[in-house]
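Peer 1: Residue numbers (UniProt numbering): 1 to 759. Don't be surprised by glycine CBs; every beta carbon is placed ideally from N, CA and C.
(1) By how many angstroms is the C-alpha of residue 94 removed from the C-alpha of residue 733?
(2) In this structure, what does DSSP give as the bridge partners for residue 621?
(3) Buried or exposed: residue 459, going by 16 or more other Cβ atoms within 10 Å of its Cβ?
(4) In chain order, what residues of the same chain lie with their CB nearer than 8 Å to the CB of residue 181, ignoring the 5 residues before and after it?
(5) Between which two residues does the beta strand (DSSP E) harbouring residue 753 extend?
(6) Mapping DSSP to helix, strand and coil, what is residue 770?
(7) Would residue 754 be called buried (16 or more neighbouring beta carbons within 10 Å of its own) or exposed?
(8) State buried or exposed for residue 389, treating a residue as buried only when at least 16 other CB atoms are found within 10 Å of its CB.
(9) Can you find the residues in the same chain that come closer than 6 Å, C-beta to C-beta, to residue 505, ignoring five residues on each side of it along the sequence?
(10) Tell me residue 60's beta-bridge partners as DSSP assigns them.
(11) Assign residue 502 to one of two classes, buried (16 or more other C-beta atoms within 10 Å of its C-beta) or exposed (fewer than that).
(12) Are the CB atoms of residue 272 and residue 282 within a distance shorter than 7 Å?
(13) Rounded to a whole number of angstroms, what is the C-alpha to C-alpha distance between residue 353 and residue 661?
(14) For residue 741, which of helix, strand or coil comes out of DSSP?
(15) Going by DSSP, which residues form a beta bridge with residue 565?
(16) Would you check if the distance between the CB atom of residue 747 and the CB atom of residue 682 is smaller than 7 Å?
(17) Consider the Cβ of residue 107: report whether some Cβ of chain B lies at a distance smaller than 7 Å.
(18) When you compare each of 442, 358, 626, 515 to residue 555 by their alpha carbons, which one comes out closest?
(19) Relative to the alpha-carbon of residue 449, which residue among 149, 561, 552 has its alpha-carbon at the smallest distance?
(20) Report yes if the CB atom of residue 672 is closer than 7 Å to the CB atom of residue 664, and no otherwise.
(21) Run through DSSP, which three-state label would residue 394 get?
(22) Would you mind sorting residue 210 into buried or exposed? The rule is 16 or more other CB atoms within 10 Å of its CB.
(23) When you compare only the Cα positions, how much space is there between residue 64 and residue 55?
(24) Does DSSP put residue 26 in a helix, in a strand, or in coil?
(25) So if DSSP puts residue 573 in a beta bridge, which residue, or which two residues, is it bridged to?
(26) Enumerated in chain order, which unbroken segments of the alpha helix (DSSP H) with a length of 4 residues or greater are wholly contained in the segment 597 to 678?
(27) According to DSSP, is residue 501 part of a helix, a strand, or is it coil?
(28) Less than 7 Å separating the beta-carbons of residue 700 and residue 722?
(29) Is there contact between the segment 583 to 597 and the segment 606 to 619, where contact requires at least three CB pairs shorter than 8 Å?
(30) Considering only the alpha carbon of each residue, which of 397, 301, 135 lies closest to residue 249?
(31) Let's see if you can read the secondary structure: which residues bound the beta strand (DSSP E) around residue 716?
(32) To the nearest angstrom, how far is the alpha carbon of residue 635 from that of residue 432?
(33) Are the segment 155 to 175 and the segment 133 to 147 touching, with three or more C-beta to C-beta distances below 8 Å?
(34) Quick one: Cα of residue 625 to Cα of residue 599, how far?
(35) By how many angstroms is the C-alpha of residue 468 removed from the C-alpha of residue 574?
(36) Grouping DSSP H, G and I as helix and E and B as strand, with all else coil, what is residue 553?
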């Protein structure tokens, strides 16, 4: 009886991105999810077994198939539902299945190596006699014996033992050593022992988790908890939107829901927008659930991630808290996935495969019949529109906990400040309110969504802007190191004393960043301790928590920061929040610019007055009449939503249409332009296909990307737009397939993104 394995080869090449059938030798016991070594053309490659069958597909009968060569790792099985998830991810993001598998199951990263394993004991009399009969063979066995695991890779073995091929063959023939294939990560032999995956029968150990509540739920919180539990009890996959104003206690709702899920034998994932928030959020849950909580994110080293996944698969860890990539955590009894601050753009992966954690969470809960909970004070328009149309459930919490209320917001027109002769970064109103807080011993937070000292350096005579030599973007001046830096590729150079183009001495710094805000603030209040929270001050893993802990202990009176400050921070003594320049996000070339501005202003404003002390917010802007600014000042999400959704509908923007963008990259500008034009032509030809004739499809471009050059690569884009995402994918896939057959495609990298969040 012949048996066959369907193997997905690990080759990130769209031309080879498919599964192949191999015969299974009698001596191999294969299971779905195993890594194997298989022949492909003239080489040996790693593959993943996605199916084992007794019958070949129709049309393959009588074909002499090549056999599977080796099992690379018997102990680490990729669960079948995650294999299915990887196929779905490849299809929906239009990337190779190999790429999506590495994302879904990151422990695949590594390489297959041949290893030599010691079988004989170095103390055996036969081995001991080799000291005189065959010095070379004895030296080789001694090398293996000194190894901690009595095994080393073939490459290292030959180097250390310094033996001939004939001696190695002799050792193998005598049975003193064996040769085997191993899957190796970061240069070490790692194995992942795992418990049976999935099912309610997995035994979960009690690690002394404290499930007693340390909080009392308000009426709104209790109603929200009941709503989600009802969805879970219905036993069908569902998405629920929790729209709760800032300070309404969404975290306590999450804690209560997770406690209930665990009590019923389920597991849960809580996602936060950024890695820097994970440890802070995890503290709340560790107090209640003890060692059942684990942090998981892409910043972990491979060995740390492997240990974490082993703990998760064994059932030792039942609550995963992490950033975007934690959505793939292989919890055996996963029932609930929560996305806190679901509107945040950080949930969208910006490298292939360009997935959104919200979509992956929904797919996982489709497979598991669980619930996805989306929490936010400013939900994405897509999520809120889905709730309004009845596609998903919505729960609301409109009141803050305790006696705290949403703070009043004052909009300051910076044009008036200039007319009054105030050329400072800070309006007179903000300066006065800062002094009041300092007098009362209260704290303030100042927000500016740009790090560095000055935004750009420009010549006032010829208009030359100092730009990055690798990217099509202005360099930002940083006082730390007195250098100009690119925030994309980190290129650095010293600021020029004269204009490199015309030689003029009138070259000046323009714009403002967090460094400059901090410096000018220190000039206004010389004796006041000030902290800064941005990418530059939080590069080390502990710096983020250190800065926030100092501010929480009131070792500083003012915290200056970027959008890091807008997410999930709760400081009882903060009674003033100032937004230095609301226009920075408002004037971005993106149809989502107003939505992002509203969300950011609302979230930042929500940091003030979160205890019994009343708070205030000051928003400085040159566009005081813009509705996004005015609606945020009145905490009016519904008003903003209905206004913005009408605008989207009139102009056929998402959620009323879908967009798939293809970004073409090449080091030579002429090559990428030619490629973009040819891809655009193929897509236009595809419009003539009868099956697309009656559908609302549109090809946009080709055109230069907003950042036309980045990290030494020129970037052009072609987009397709339509009402049905499934048809768009088929249409684009056919055009891309034709493009890959063209000589023009050689050397060009394609990045494909479904419903991009930025231009």
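Peer 2: By the coordinates alone:
(1) Within the chain shown, the letter at position 733 stands for residue 733. Within the chain shown, the letter at position 94 stands for residue 94. When rounded, the distance between both Cα atoms is 7 Å.
(2) The count along the chain shown starts at 1 and reaches residue 621 at position 621. DSSP lists 413 as partners of residue 621.
(3) Numbered from 1 along the chain shown, position 459 holds the residue referred to as residue 459. So residue 459 counts as buried.
(4) In the chain shown, counting from the first residue as 1, residue 181 sits at position 181. For residue 181, where only same-chain residues beyond five positions count, the Cβ hits under 8 Å are 37, 69, 70, 71, 72, 112, 113, 114, 115.
(5) Residue mapping note: residue 753 aligns to position 753 of the chain shown, counting from 1. Its beta strand (DSSP E) spans residues 749 to 754.
(6) Only positions 1 to 759 of the chain appear in the structure, and residue 770 is not among them; the question remains open.
(7) As a first step, residue 754 must be located in the chain shown, where it is residue number 754. That one is buried.
(8) To locate residue 389, count along the chain shown from 1; it is residue 389. So residue 389 counts as exposed.
(9) Counted from its first residue, the chain shown places residue 505 at position 505. Once the five neighbours on either side are set aside, the close Cβ partners of residue 505 are 498.
(10) The count along the chain shown starts at 1 and reaches residue 60 at position 60. According to DSSP, which records beta bridges pairwise, residue 60 is partnered with nothing at all.
(11) On the chain shown, residue 502 is found 502 positions in, with the first residue counted as 1. That one is exposed.
(12) Within the chain shown, residue 282 is the residue found at index 282, counting from 1. Within the chain shown, residue 272 is the residue found at index 272, counting from 1. No, Cβ-Cβ distance for residue 282 and residue 272 is not below 7 Å.
(13) Translated into the one-based positions of the chain shown, residue 353 becomes position 353. Translated into the one-based positions of the chain shown, residue 661 becomes position 661. Using only the alpha carbons, I get a separation of about 13 Å.
(14) Locating residue 741 in the chain shown gives position 741, where the first residue counts as 1. The answer is coil: DSSP assigns residue 741 none of H, G, I, E or B.
(15) Within the chain shown, the letter at position 565 stands for residue 565. Residue 565 pairs with nothing; no bridge assigned.
(16) Here residue 747 is taken as the residue at index 747 of the chain shown, counted from 1. Here residue 682 is taken as the residue at index 682 of the chain shown, counted from 1. The answer is no: Cβ separation not under 7 Å.
(17) Annotation note: the requested chain B is absent from the structure, which comprises a single protein chain.
(18) Translated into positions along the chain shown, residue 555 becomes position 555. The candidate whose alpha carbon is nearest that of residue 555 is 442.
(19) If you number the chain shown from 1, residue 449 lands on position 449. Closest option to residue 449, Cα to Cα, is 561.
(20) As a first step, residue 672 is located in the chain shown; it is residue number 672 there, counting from the start. As a first step, residue 664 is located in the chain shown; it is residue number 664 there, counting from the start. Cβ distance < 7 Å, so residue 672 and residue 664 count as in contact.
(21) Along the chain shown, one-based indexing puts residue 394 at 394. Of the three classes helix, strand and coil, the one that applies to residue 394 here is strand, per DSSP.
(22) In the chain shown, counting from the first residue as 1, residue 210 sits at position 210. The predicted model places residue 210 with a pLDDT of 43, which falls under 50 and marks its position as unreliable; any figure quoted below should be read in that light. Per the 10 Å Cβ criterion, exposed.
(23) If you number the chain shown from 1, residue 64 lands on position 64. If you number the chain shown from 1, residue 55 lands on position 55. The alpha-carbon atoms of residue 64 and residue 55 are separated by roughly 14 Å.
(24) Counting from 1 along the chain shown, the entry for residue 26 is found at position 26. Here residue 26 sits in coil by DSSP.
(25) Here the question's residue 573 lines up with position 573 in the chain shown. Answer by DSSP bridge pairing: none, since residue 573 is not bridged.
(26) 627 to 633, 637 to 650
(27) The residue labelled residue 501 in the question sits at position 501 within the chain shown. Residue 501: coil per DSSP, three-state reduction.
(28) As a position in the chain shown, residue 700 is number 700, starting the count at 1. As a position in the chain shown, residue 722 is number 722, starting the count at 1. It is not a contact, given that the beta carbons lie outside the stated cut-off.
(29) no
(30) Walking along the chain shown from the start, residue 249 turns up at place 249. Among 397, 301, 135, the Cα nearest to that of residue 249 is on 397.
(31) Residue mapping note: residue 716 aligns to position 716 of the chain shown, counting from 1. Note, residue 716: beta strand (DSSP E), 713 to 722.
(32) Taking the first residue of the chain shown as 1, we reach residue 635 at position 635. Taking the first residue of the chain shown as 1, we reach residue 432 at position 432. Whole-angstrom Cα-Cα distance: 24 Å.
(33) yes
(34) Counted from its first residue, the chain shown places residue 625 at position 625. Counted from its first residue, the chain shown places residue 599 at position 599. Cα to Cα, residue 625 sits roughly 17 Å from residue 599.
(35) Start at 1 with the first residue of the chain shown, and residue 574 comes out as number 574. Start at 1 with the first residue of the chain shown, and residue 468 comes out as number 468. For residue 574 and residue 468, the distance between alpha carbons rounds to 39 Å.
(36) Along the chain shown, read from residue 1 onward, the residue named residue 553 stands at position 553. Residue 553 falls in the coil class under three-state DSSP.
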